[in-house]
Amino acid sequence: MDAVSGFPLAQVVPWGVAALLGIVVIVLLVKQRKPASVVEDAMLQAVHRMSKAAPNLRSGLDEDAADKITTQLLQMLDCVAVGITDSEGTLLSWDGEANEHYVDLVDAIGAAIRKHRREVVAHDRMPCNHRGTCRMKTAVIVPLLVEGETEAALIVVGRTRGRLVQMADAVAQFVCTQFELSRLDESKQQLQQAEIKALRAQISPHFVYNALNTISALIRTDPEEARELLQDFADFTRYSFRTSGMFTSLAEELRNIDRYLTIENARFGGRLEVRMKIAPEVLSVVVPFLIIQPLVENAVKHGLASKPSGGCVTVIAQDYGTEALISVEDDGIGMDPRRLKDVKNAHSTGAHVGLGNISQRMQQVFGSDYAVMVETAPGAGMKVTLRVPKFVPGVRPNMPDYSAETDAAEADVPSQGGRAQLNGSEVNGVNGTRSGILPMG
Numbered sequence: 001m002d003a004v005s006g007f008p009l010a011q012v013v014p015w016g017v018a019a020l021l022g023i024v025v026i027v028l029l030v031k032q033r034k035p036a037s038v039v040e041d042a043m044l045q046a047v048h049r050m051s052k053a054a055p056n057l058r059s060g061l062d063e064d065a066a067d068k069i070t071t072q073l074l075q076m077l078d079c080v081a082v083g084i085t086d087s088e089g090t091l092l093s094w095d096g097e098a099n100e101h102y103v104d105l106v107d108a109i110g111a112a113i114r115k116h117r118r119e120v121v122a123h124d125r126m127p128c129n130h131r132g133t134c135r136m137k138t139a140v141i142v143p144l145l146v147e148g149e150t151e152a153a154l155i156v157v158g159r160t161r162g163r164l165v166q167m168a169d170a171v172a173q174f175v176c177t178q179f180e181l182s183r184l185d186e187s188k189q190q191l192q193q194a195e196i197k198a199l200r201a202q203i204s205p206h207f208v209y210n211a212l213n214t215i216s217a218l219i220r221t222d223p224e225e226a227r228e229l230l231q232d233f234a235d236f237t238r239y240s241f242r243t244s245g246m247f248t249s250l251a252e253e254l255r256n257i258d259r260y261l262t263i264e265n266a267r268f269g270g271r272l273e274v275r276m277k278i279a280p281e282v283l284s285v286v287v288p289f290l291i292i293q294p295l296v297e298n299a300v301k302h303g304l305a306s307k308p309s310g311g312c313v314t315v316i317a318q319d320y321g322t323e324a325l326i327s328v329e330d331d332g333i334g335m336d337p338r339r340l341k342d343v344k345n346a347h348s349t350g351a352h353v354g355l356g357n358i359s360q361r362m363q364q365v366f367g368s369d370y371a372v373m374v375e376t377a378p379g380a381g382m383k384v385t386l387r388v389p390k391f392v393p394g395v396r397p398n399m400p401d402y403s404a405e406t407d408a409a410e411a412d413v414p415s416q417g418g419r420a421q422l423n424g425s426e427v428n429g430v431n432g433t434r435s436g437i438l439p440m441g
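According to UniProt numbering, the sequence shown is numbered sequentially starting from 1.
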């Protein structure tokens, strides 16, 4: 099992090898009877055109995508025409000449889809009004199979037979590879969404109960504070249970952490100290949604809650060149390092909710080098560190739908006597929030 993606590597490698072989076949076919410089140019052009076609194949198959694909494949193959049908044999796109012969190919297309095998149709076996001038000599229909099911059918029309069949098979294999990778992308996204749902489900019901209990008690003694805590609780739950986006900015994640710590600090009655040092340069870094808050919850719930004197939670985000270094540390009871393997391998344990989930999500998004790092010992607290690349292709924040509804004040972290903005203007990061965050020198 591949630790990075969470998918069986054996499913991916054969398709990648097949795609590479397809490119080699096309290059060798072009190479015949041509000077070395021409061969090199043809090789570069073939690879370039395949790389241009790949994104369209990975984005799903509809008429618009089919139009782009047939155009690119026609240029790549230098043949008479290229067509693509859906899984039922309905034509989605045809680029090139001899389009009037599509009707003559319907039976062969249906046979290729039903039998899951290539069909070759010679021009002299079909009617033609341009028998002497028609450039079509052969049509090759190849079913595009993904996991044993026909996804579409590729039609390649050319002036020869042997070479055309080889090229059609090679290109069909390349197209199938892209379809397969598209399926894997979809499965990966579905897995990530499922893991986010799992994290939401793991938000402690005890926290919800304690928060409402604390607010209820404050209604009698400090109604204004109770009103503010109720707003923090509403904002926390709304952010945590938002329905859109697998990524967010570090600034948004920190805002939610502040809401959580504000509520917990009210419950602890001043026994909870929070220190935070955030480099302004990393506030815009994109992080997986709900990646830091569970670490802070673990620090409070399991590191400090059992200490009568309370303790301190420290959150640091540093600018580390091409990466942001984020750590959550507590001075609580800690744990035996020998238990770390079991905790990190589990998605949810009685001791540390979601630590295994977080480590796996980090590796799925950023690679195996970005697993969660944990330092701990009995009585010495715990420190959890994440490394997050500043820029990753395809990773961008997905802001929730409700963000447009919030007022200007909500866009800032609450502070004593006002709100401290997360806009990168602070020297020491985020200071003096309602949760009791103290500046670190």
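For glycine and all other residues, C-beta sits at the position ideal for the given N, C-alpha and C.
Check whether residue i and residue j have beta carbons under 8 Å apart
i: residue 80; j: residue 167; result: no
i: residue 248; j: residue 275; result: no
i: residue 328; j: residue 384; result: yes
i: residue 362; j: residue 372; result: yes
i: residue 389; j: residue 281; result: no
i: residue 271; j: residue 309; result: yes
i: residue 277; j: residue 316; result: yes
i: residue 311; j: residue 331; result: yes
i: residue 340; j: residue 365; result: no
i: residue 290; j: residue 250; result: no
i: residue 292; j: residue 253; result: yes
i: residue 169; j: residue 117; result: no
i: residue 318; j: residue 279; result: yes
N- and C-terminal bounds of the beta strand (DSSP E) containing residue i
i: residue 83; result: 81–85
i: residue 153; result: 149–158
i: residue 387; result: 382–389
i: residue 392; result: Element bounds for residue 392: n/a, residue is neither H nor E.
i: residue 143; result: 138–146
i: residue 376; result: 373–376
i: residue 119; result: 119–122
i: residue 248; result: 247–249
i: residue 95; result: 91–96
Residue range of the alpha helix (DSSP H) that includes residue i
i: residue 224; result: 223–240
i: residue 362; result: 355–366
i: residue 70; result: 63–77
i: residue 103; result: 102–115
Whole-Å CB distance - residue i paired with residue j, under 8 Å assumed
i: residue 84; j: residue 154; result: 6 Å
i: residue 151; j: residue 61; result: 7 Å
i: residue 334; j: residue 288; result: With 8 Å as the limit, residue 334 and residue 288 do not qualify as a contact, their Cβ atoms being about 26 Å apart.
i: residue 229; j: residue 266; result: 6 Å
i: residue 127; j: residue 104; result: 7 Å
i: residue 236; j: residue 256; result: 6 Å
Minimum Cβ-Cβ distance from residue i to chain C less than 8 Å
i: residue 207; result: Included in the structure is just one protein chain, with no chain C present.
Could you give the uninterrupted runs of the beta strand (DSSP E) lying entirely in the stretch 254–324, keeping only those of 3 residues or more?
-> The stretch 254–324 contains these whole beta strand (DSSP E) runs: 272–278, 286–288 and 311–320.
May I ask you to verify whether the stretch 290–305 touches the stretch 255–263, counting CB pairs closer than 8 Å and requiring at least 3?
-> Result yes; three or more Cβ-Cβ pairs closer than 8 Å.
Are the stretch 69–79 and the stretch 94–101 touching, with three or more C-beta to C-beta distances below 8 Å?
-> Taking one beta carbon from each stretch, the stretch 69–79 and the stretch 94–101 have 3 or more pairs nearer than 8 Å; the two touch.
Specify whether the stretch 101–112 and the stretch 143–160 touch according to this definition: at least 3 beta carbon pairs, one from each stretch, less than 8 Å apart.
-> Yes, the stretch 101–112 touches the stretch 143–160.
Count the C-beta pairs between the stretch 169–176 and the stretch 207–227 that are closer than 8 Å, then say yes if the count reaches three, no if not.
-> No, they do not touch.
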